[in-house]
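Before any comments, here is the structure.
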Amino acid sequence: MFSYILRRIGVTIPLIFLGLTLTFFIIRLAPGDPTTKYINPDFDPEVKALMLKKFGLDKPLHVQYWRWITQFVQGDFGVSFDRSQPVVDVIKYAVGNTMILAALALLVSLLTGVILGILSAIKQYSRFDNAMTISSLFFYSMPSFWLGLMLILIFALLLHWLPAGGMVSINYDYLSSAGQFWDRVVHIILPVFVLGIASAASTMRYMRGSMLEIIRQDFIRTARAKGVSERWVMLKHATRNAILPVVTLFGLSIPFLVSGSVITEIVFAWPGMGRATINAIFARDYPVVIATTAIAFTMVMIGNLVADILYAVVDPRVKYD
Amino acid sequence: MTDMPQEHKHLLPREIDDSPIKGWENWIPGLGLYKRGLTGRGKILLAMFIIPLLMFILLSGKTFQVFTGNGSFSHWIGSGYLFLLFIGSFLLNIRFLRNLVEQDSEEKGVSEWEIGWRRFQQNRRATIGITILVILYSIAILAPIISPHDPISQKNVLQVRFMAPSFDSGYLLGTDGFGRDLLSRIIYGSRISLFIGFISVILSVSIGSLIGVTAGYFGGWIDGALMRLVDLMLGFPRFFLLLIVIAFVGPSIFWIIAVLGLTGWMGIARLVRGQVLSLKEQEFILASRALGVHTFKILFKHLIPNTMAPIIVYSTLLIGNVILLEAGLSFLGLGVQPPTPSWGNIINLGRYNLLDAWWISTFPGFAIVITVVTFNIVGDALRDAFDPRLRD
């Protein structure tokens, strides 16, 4: 087991480096540089050269790459071209905000997905099961930005129950601490719902399938035959086994959530990584784009690693050698 | 035979009237077949006959516009499609009737594909799904003929902008801030979504099967390297990758298709590799190798065709996903650029007038949901029909 974990880490670290390298070259080989936005023909070529020099863009690509990667692993992401301040300062809060959003969405989607999936498998072909199957199909097939806009239209613009976007209200600083907490809660409800609903739907479908497969197995029949109550069979024997693959889902959901956060953040004006990336893309601000992409990639890789290790820990039947 | 369980009835030959062809009903495509008990084919041919006929009569101005010399290329395609359907309905009618009468009594075996196809046809959700898909693609092809207004031209903007959906004004789904008819824009937008979804999935499938079959068949370090590449690509949050590439190469339809295709092949590669790993141990591959068949031929003539069924299932589900991604990119302004309509960029435009002009963002969303749900339903039904593991 220990050697399996070590080996898994040994595979992940080179992959992370490869991913960082790929990110760097995709972005740097694309046409255009931060001076492109000064399209004024009177823009002095000498100033342009000076700017490129200041950003270190005049050096050969491999030198730039080496400098970037050595700084990156030390947590120094360079200086933002657009805002002339360290990238760390630009994205520090954004990464945290995205992680709060993604973690809550992950939690909510796994919980609801697992519970609804189990219930609908136990009552297969019932009205509840049909309703769940159909609604999960719809939520799974819905563009999240559209769902977000519709929810804003209904709950914020028409009913005025929830705020339309942002993380806190304008008068946040003047609220009591309980009021501040509540303010944050009402702001996060819609984004979490929109970000989590698609993965909740796919978790539900997955869970339902896994539970149905387990229910047909012999040990369930044995448990019933020896007189264990139906409720206990389902809760203890079946659920415990069906819930194992959810650990894998946890790993699979992470890239989904990180990608989904981009659109959710734009729709709800959530000051997170996705929004920072989009803004940086339109400003051709390489260091920020590279940093956010690399962080997103690293998050996904570490998430997968944790999921794999957790799976090895929770499922003693799996042998790794 | 009588005690055969209901679910295996599809394996039996159906009772069909194959008396000689006589009577007027055989001249109307589908009607003769329908009366003889071939209801499925009958309905399809009847639709192929009646719908173009109705459009020739009701929309004669637009359908025949191409002959008066002022039709665009897509207009030609639309009219051509209608004529093909119309003529095709007669030709197919003759062929099916002839097959019926000249049926050979020779017993034929039923292939895996045929069993799957029959199961698929018996699934009601699947037939409805396929019908909706055919309708959607027909709408996309016929866009210049059936859309009531021009999707791009702005008439007298100040008078017709932000008109609410109404039947009387002639703008069924209302107009946007530039006075353009929303229904026409959604119809034209369907061409972008359906076309991009289809082409980029074909690209993904080609790359994925090539990599999967190579990795699975050769094994060893080739397998190891290719599968690490798959892991690497799967680790990238796909949307970030799409964003950075599109942002830096510029949003054009060509690049959107290319990038969507190049970032979507990993699932297919894994799927094909898994299939090939089990297939290559089977006797027919061993026999081919013993006979000295070229490796290239083994890969493309024996291995890939045998993985087609799961590939088709998977790629149907993939198309829905790609349509969502494309809509997302267009929504962010990094996809299809206005004034060319796409469902994503119409929704983006409506976002700034969400309260006073709710219809602009709402209706394209319904179009996306209907399309993606349909692809997912058809994909699920195909899986039920063609996945032998689920078949008892």
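Residue numbers (the numbering used here), protein chains in the order written: chain A, 1 to 321; chain B, 1 to 392.
Note that CB positions come from ideal geometry on N, CA and C, so glycine has one too.
Using DSSP with H/G/I as helix, E/B as strand and the rest coil, what is residue 245 of chain A?
Residue 245 of chain A falls in the coil class under three-state DSSP.
If I measure Cβ to Cβ from residue 309 of chain B and keep anything under 6 Å in the same chain, skipping five residues before and after, which residues do I get?
Taken in chain order, the residues that qualify are 386.
Would you kindly check if the distance between the Cβ of residue 55 of chain B and the Cβ of residue 31 of chain B is under 8 Å?
In this structure, residue 55 of chain B does not lie closer than 8 Å to residue 31 of chain B by Cβ.
Keeping to the same chain, check which residues put their C-beta closer than 8 Å to that of residue 305 of chain A; ignore five residues upstream and five downstream.
Cβ neighbours of residue 305 of chain A beyond the five flanking positions: 8, 9, 12.
Buried or exposed: where does residue 135 of chain B fall if 16 or more other Cβ atoms within 10 Å of its Cβ makes it buried?
Looking at its Cβ environment, which holds fewer than 16 other Cβ atoms inside 10 Å, residue 135 of chain B is exposed.
For a contact defined as C-beta to C-beta under 8 Å, what are the partners of residue 345 of chain B on chain A?
What residue 345 of chain B touches in chain A: nothing, since even the nearest Cβ is about 11 Å away.
Between residue 204 of chain A and residue 104 of chain A, which are expected to be in contact by the criterion C-beta below 8 Å, what is the C-beta distance as a whole number of angstroms?
That belief does not hold up - the Cβ atoms of residue 204 of chain A and residue 104 of chain A are roughly 18 Å apart, past 8 Å.
If I follow the unbroken alpha helix (DSSP H) through residue 180 of chain A, where does it start and stop?
First-last of the alpha helix (DSSP H) with residue 180 of chain A: 177-215.
Using a C-beta cutoff of 8 Å, does residue 57 of chain A count as contacting chain B?
No, its Cβ sits nowhere closer than 8 Å to a Cβ of chain B.
Mind listing which residues of the stretch 235-267 of chain B have their C-beta closer than 7 Å to chain A's C-betas, in chain order?
Answer in chain order: 235, 236, 237, 238, 239, 240, 243, 244, 245, 247, 248, 249.
Within 10 angstroms of the Cβ of residue 46 of chain A, are there 16 or more other Cβ atoms? Answer buried if so, exposed if not.
Burial call: exposed.
Verify the CB distance criterion: does residue 239 of chain A have a CB-CB separation below 8 Å to chain B?
Answer no: the Cβ-Cβ gap between residue 239 of chain A and chain B never drops below 8 Å.
Quick one: is residue 368 of chain B near chain A, going by C-beta distance under 8 Å?
Yes, contact with chain A.
My output table needs one value for residue 86 of chain A: the three-state DSSP class, helix, strand or coil.
In this structure, residue 86 of chain A counts as strand in the three-state DSSP scheme.
At a cut of 8 Å, does the stretch 273-285 of chain B reach the stretch 207-218 of chain B through at least three beta carbon pairs?
Cβ pair count under 8 Å is three or more, so yes.
Measuring only the C-alpha atoms, how far is residue 208 of chain B from residue 162 of chain B?
If I take the Cα positions, the gap works out to 46 Å.
By how many angstroms is the C-alpha of residue 123 of chain B removed from the C-alpha of residue 316 of chain A?
In a straight line, the C-alpha of residue 316 of chain A is about 40 Å away from that of residue 123 of chain B.
Which residues in chain A sit within 7 Å of residue 181 of chain B, going by Cβ to Cβ distance?
What residue 181 of chain B touches in chain A: nothing, since even the nearest Cβ is about 20 Å away.
Among the residues of its own chain, which have a CB less than 8 Å from the CB of residue 392 of chain B, if the five just before and after it don't count?
Residue confidence is low: residue 392 of chain B scores 40 on pLDDT, short of 50, so the model does not pin down where it sits. No coordinate-derived value is stated.
Can you tell me the Cα-Cα spacing of residue 53 of chain B and residue 303 of chain A, whole angstroms?
Taking the straight line joining both Cα atoms gives about 58 Å.
Look at residue 36 of chain B and residue 100 of chain B and say whether their C-beta atoms are less than 8 Å apart.
Yes, Cβ-Cβ distance for residue 36 of chain B and residue 100 of chain B is below 8 Å.
If you draw a straight line from the alpha carbon of residue 97 of chain B to that of residue 57 of chain B, how long is it in whole angstroms?
Approximately 28 Å, taken between the alpha carbons.
Tell me whether residue 393 of chain B sits in a helix, a strand or coil according to DSSP, three-state version.
Here chain B has residues from 1 to 392 only, and residue 393 of chain B is not among them.
Hey, residue 21 of chain A and residue 297 of chain A: beta-carbon distance below 8 Å or not?
In this structure, residue 297 of chain A does not lie closer than 8 Å to residue 21 of chain A by Cβ.
Is residue 328 of chain B near residue 145 of chain A, with beta carbons less than 8 Å apart?
Contact flag set, yes.
Verify the CB distance criterion: does residue 176 of chain B have a CB-CB separation below 8 Å to chain A?
Cβ-Cβ to chain A under 8 Å: no for residue 176 of chain B.
Give the residues from the stretch 16-28 of chain A that approach chain B closer than 9 Å (Cβ to any Cβ), ordered along the chain.
Taking 9 Å as the Cβ-Cβ cut-off against chain B, the residues of the stretch 16-28 of chain A that qualify are 16, 18, 19, 22, 23, 26, 27.
Starting from residue 79 of chain A, follow its DSSP beta bridges and name the residues at the other end.
Note: residue 79 of chain A sits in a beta bridge opposite A/86.
In chain order, what residues of the stretch 296-321 of chain A put their CB closer than 8 Å to some CB of chain B?
The stretch 296-321 of chain A vs chain B, Cβ under 8 Å: 296, 297, 300, 301, 304.
State buried or exposed for residue 230 of chain B, treating a residue as buried only when at least 16 other CB atoms are found within 10 Å of its CB.
So residue 230 of chain B ends up on the buried side.
What in chain A is Cβ-close to residue 373 of chain B, meaning under 9 Å?
Those are 137, 138, 140, 141, 142, listed as they occur along chain A.
With a threshold of 8 Å, are at least 3 pairs of Cβ atoms found where one atom belongs to the stretch 172-179 of chain B and the other to the stretch 355-365 of chain B?
Enough Cβ pairs lie closer than 8 Å, so yes.
Report the three-state DSSP secondary structure of residue 175 of chain B (helix, strand or coil).
In this structure, residue 175 of chain B counts as strand in the three-state DSSP scheme.
Is the Cβ of residue 146 of chain A closer than 8 Å to any Cβ of chain B?
Closer than 8 Å: yes.
Just mark residue 370 of chain B as buried or exposed, buried being the case when its beta carbon has 16 or more other beta carbons within 10 Å.
Classification for residue 370 of chain B: exposed.
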